[in-house]
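Residue numbers (UniProt numbering): 1 to 296.
Encoded structure:
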């Protein structure tokens with residue numbers, strides 16, 4: 001039996017994502033077309049590959065066995081094709097990277113820009129979001145997160161310097177409500193809070209004294225909760241309250257006088273960002289090129 005490789009790739013995508021809709025979007029096809037491809041493949045093989053409900057798609061035992069057999073074969077094909085292109089100095093292809101908004105749009109943006117200039121035949125798909133995801137299940141080549149926040153079965157390569165946090169408010173807000181002198185004094189202020197989508201928790205603020213090394217967290221209070229970091233900065237600029245920001249995000253606002261830095265002795269520093277990817281297989285030559293470009 002000779003199968004269409006495109007149909008088998010479609011099967012792998014559906015098995016990995018558990019969604020006809022997501023695969024249709026990736027392949028620029030209709031959901032019905034993807035469903036039809038899978039149905040025809042099942043008919044030709046004489047196997048039921050997926051259990052379908054109105055809410056989910058999951059592989060059957062036969063489907064899971066087929067996935068486990070095909071996945072390494074297609075990875076090997078892709079790797080060999082990339083090696084051929086690399087050997088001919090014609091690096092081309094698509095790299096899908098998932099990371100936080102700050103990592104992609106602020107810290108690493110200039111590196112990505114120069115990478116695209118240097119490798120015009122490589123396409124970068126950059127997805128910026130707050131929630132933690134399974135990069136394998138979502139078919140990303142790599143993810144970018146702060147050090148220590150990735151799964152243990154991942155290879156992690158440092159791609160940025162340490163990240164400093166700071167506490168800021170407008171001169172107008174501080175003039176009306178006073179300037180807190182201790183972290184505990186923040187509990188009497190309107191603090192702009194951030195909800196982390198992965199765990200649906202409110203992010204506690206962290207403090208570390210520059211001299212004593214004392215470090216602790218506090219749950220802030222305030223009448224505004226947002227789910228994206230750029231919104232906390234905007235709320236602070238609009239005099240709503242005090243926000244906890246990544247220092248490089250608000251440096252221009254501080255220099256211009258639009259925001260004031262407070263509690264500078266208590267600013268904490270986090271490890272830099274890391275590019276991470278599965279350690280189960282060797283990463284592709286294409287990803288290796290990006291790793292070496294971003295590595296510090």
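Glycine included, C-beta positions come from ideal geometry on N, C-alpha and C.
Kindly indicate the opening and closing residues of the beta strand (DSSP E) around residue i.
i, result
"residue 278", "273–278"
"residue 164", "163–169"
"residue 293", "That residue, residue 293, is in no beta strand (DSSP E); its alpha helix (DSSP H) goes 285–294."
"residue 220", "Where residue 220 is concerned, there is no enclosing beta strand (DSSP E), given that its DSSP letter is neither H nor E."
"residue 142", "142–146"
Are residue i and residue j touching if we call contact CB-CB under 8 Å?
i, j, result
"residue 263", "residue 183", "yes"
"residue 115", "residue 293", "yes"
"residue 41", "residue 49", "yes"
"residue 302", "residue 91", "In this structure the chain extends from 1 to 296, so residue 302 is not present and cannot be described."
"residue 221", "residue 187", "yes"
"residue 259", "residue 265", "no"
"residue 153", "residue 279", "yes"
"residue 67", "residue 60", "no"
Compute the beta-carbon to beta-carbon distance between residue i and residue j, rounded to the nearest angstrom, for a pair I have assumed lies under 8 Å.
i, j, result
"residue 164", "residue 267", "6 Å"
"residue 170", "residue 239", "5 Å"
"residue 128", "residue 192", "The pair is not a contact, with the Cβ atoms about 20 Å apart (cut-off 8 Å)."
"residue 295", "residue 159", "6 Å"
"residue 137", "residue 17", "7 Å"
What residues in its chain sit with their C-beta under 6 Å from that of residue i, if we drop five residues either side in the sequence?
i, result
"residue 251", "none"
"residue 206", "217 and 268"
"residue 103", "144 and 273"
Between which two residues does the alpha helix (DSSP H) holding residue i run?
i, result
"residue 249", "247–256"
"residue 132", "Residue 132 -> no alpha helix (DSSP H), and no H or E assigned at all."
"residue 33", "31–45"
"residue 117", "109–118"
"residue 17", "5–17"
Closer than 7 Å by C-beta to residue i: which residues in its own chain qualify, once you throw out the five before and the five after it? Chain order, please.
i, result
"residue 79", "284"
"residue 246", "102, 163 and 165"
"residue 197", "130, 131 and 227"
Within its chain, find whatever has a CB closer than 8 Å to the CB of residue i; leave out the 5 residues flanking it on each side and keep chain order.
i, result
"residue 14", "20, 23, 34, 38, 50 and 57"
"residue 204", "217, 218, 219 and 220"
"residue 224", "190, 192, 193, 235, 240 and 241"
Does residue i get closer than 8 Å to chain B when you measure Cβ to Cβ?
i, result
"residue 135", "Structure shown: chain B not included; a single protein chain is present."
Exercise. Three or more beta-carbon pairs under 8 Å between the stretch 129–142 and the stretch 172–180, yes or no?
Worked result: no
Problem set entry | the stretch 95–110 / the stretch 47–56 touching (three or more Cβ pairs under 8 Å) | no
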